[in-house]
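Asks:
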Amino acid sequence: MVDAGILVLLGIIGAGMAGLNLWILFQFFPRNALTPTWSRAILVSYLLIASVALWVSVDFDLLAGNTSVGWTAVMFGLQFMMMSPFVWVVPLIFKGDTIRVRFSSWRWPVFLTFLVLANELAMGASFVGVTLGVGAIAPSGQWGVLLGASRSILSVWFLWVMFANMVPLLFFARLPSLERWALLTLAASGIVAPLVEVQPWMGLAAVSVVMAGALGFLVLRLLRASGAPVENPRLLTAVVVAFAAMVLSQVAFLLRPASAWAPVPFALVMFGVMASELLFVVRSILTPSHVEPIGLPAELEVNSASPTD
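With the numbering used here applied, the sequence shown covers 5 to 313.
So this is what it looks like as structure tokens:
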């Protein structure tokens, strides 16, 4: 049994780091329809990469044990983050504060989504290792890494933090109300999903209740729309498919609950759902296609940057 004081401490650290990473991510997103300057984009990217490096170094320290190699890895992670001011100065020298980033493809959304997921998964692995032991994140065997990753994905340290990230992003994105609430209910499944591994039947019931409530809410909103066309029917279909995949993967868990591989399908489905939803929201923020943008015309964006942006 893990001491309650340790859980509280980890909760405070996790909330603080998640909040910091989310604040850093928001510095990237456009304001008043202006895209960020290259200096800002490079700094934000580096800070998120440095955060991943820090948590990976902590994971390495847990695996290495209380050795000089482990502590050296942690010190490297800290020093890597401290180089951020120097990384920011370089693009300033090359006038990176006067040229704005253009979002004409999926590269930036995929890149930012990957960094957020890597941060939360690495942090989740660290906290699982502290609370359940190193064997929980690195079990023996050829596929031990996959089993350890599944345990980290199904932990509150990953799913709850992802939900906490998704809520402000959903309300920041300029999405139609129906889409926003559909995605919010999908993200809410991460609140009850950790129950699946510890109490499979209770977890199945909890996720089913969330799914039923979400579908009922969507049907009610559609009925109130009085036959008005749905702006993005594919998204609503994807939400329904995601909920169905969750339930099916949980049923697979219940068929062989004693197997070490039982939680893997559900963990992969949850990770895929969170990744897909995050990618869609980030893409919507960076390149809103179905909502009228506000601010300056596109031809004035390049000249509107200020040296202090």
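The beta-carbon is built from N, C-alpha and C at its ideal position, and this holds for glycine as well.
To which residues does DSSP link R104 through a beta bridge?
Replies: T41.
Asks: In the structure shown, what three-state DSSP assignment does T291 receive?
Replies: If DSSP states are grouped into helix, strand and coil, T291 belongs with coil.
Asks: Taking the CB atoms as reference points, tell me whether T117 and V286 lie closer together than 7 angstroms.
Replies: Yes, Cβ-Cβ distance for T117 and V286 is below 7 angstroms.
Asks: From the DSSP output, in three-state form, read off A246 for me.
Replies: Looking at A246 - three-state DSSP - the assignment turns out to be helix.
Asks: Please identify the residue among F221, F107, L283 and V134 whose C-alpha is closest to the C-alpha of F64.
Replies: Among F221, F107, L283 and V134, the Cα nearest to that of F64 is on V134.
Asks: In this structure, how does DSSP classify L158 when only helix, strand and coil are distinguished?
Replies: Reduced to three states, the DSSP call for L158 is coil.
Asks: So, using beta-carbon positions, are S288 and A191 closer together than 7 angstroms?
Replies: No; because the gap between Cβ atoms is not below 7 angstroms, this pair is not in contact.
Asks: Compute the beta-carbon to beta-carbon distance between L66 and V138, rounded to the nearest angstrom, for a pair I have assumed lies under 8 angstroms.
Replies: Right, their Cβ atoms sit about 5 angstroms apart.
Asks: Given this structure, state the Cα-to-Cα distance separating A8 from W27, to the nearest angstrom.
Replies: About 28 angstroms.
Asks: Among residues of its own chain, excluding the 5 on either side of V48, which ones have a beta-carbon nearer than 8 angstroms to its beta-carbon?
Replies: The answer, listed in chain order, is I28, L29, Q31, F32 and P40.
Asks: What distance in whole Å lies between the Cβ atoms of M170 and E281, which are believed to be in contact at a cut-off of 8 angstroms?
Replies: Rounded, the Cβ-Cβ distance is 7 angstroms, consistent with contact.
Asks: Please report how far the alpha carbon of D101 lies from the alpha carbon of A45, in whole angstroms.
Replies: If you take the alpha carbons of D101 and A45, they lie about 10 angstroms apart.
Asks: L182 to R225, Cα distance in whole Å?
Replies: Cα-Cα distance, rounded: 7 angstroms.
Asks: Kindly indicate which three-state DSSP category W164 falls into: helix, strand or coil?
Replies: W164 falls in the helix class under three-state DSSP.
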